[in-house]
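Colleague: Got a structure for you, questions after.
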Amino acid sequence: MSERKIKEICKELVEKKGVRAISRTHNVNKNTICSLLNDLANHAVEMTKYLVHDLDLKTYEVDEILTFVKKNKKHLSQKQIYS
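Mapping of the sequence shown onto the numbering used here: residues 73 to 155, in sequence order.
In structure tokens form, the structure reads like this:
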């Protein structure tokens, strides 16, 4: 599966689209979608551990960073977003 397709599927998972709907839309087995969802969740846990424990940030500081990034994402070019 291409990196682009994986990114598209992850975006749809974040938007709370159903696994079966994503599976039909992208012609990908639902077990593959579930595996990607599991990988996405593990990545989120690892990022939180890094930000909260390793960098010693407070939970609200992490939330502020993510809000800032999301808010400013619309000002970035597509190349900057996907690099």
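Beta carbons are placed, not taken as given, at the ideal position from N, Cα and C, and that holds for glycine. Given the structure is predicted, the values throughout are model-derived calculations rather than measurements.
Measure the C-alpha to C-alpha separation of E84 and V134 and round it to an integer number of angstroms.
Modeller: 23 Å
Colleague: Just the C-alpha distance for E75 and N103, rounded to the nearest angstrom, thanks.
Modeller: 18 Å
Colleague: Please return the same chain residues whose Cβ sits closer than 8 Å to the Cβ of K130, not counting the five positions on each side in sequence.
Modeller: V124
Colleague: In chain order, what residues of the same chain lie with their CB nearer than 6 Å to the CB of E118, ignoring the 5 residues before and after it?
Modeller: Within the same chain, E118 has no close Cβ partners at all.
Colleague: Helix, strand or coil: which one does DSSP assign to V100?
Modeller: Reduced to three states, the DSSP call for V100 is coil.
Colleague: Below 6 Å CB to CB, which residues in the same chain sit around I105 once its five sequence neighbours on both sides are set aside?
Modeller: V91, I94, S95.
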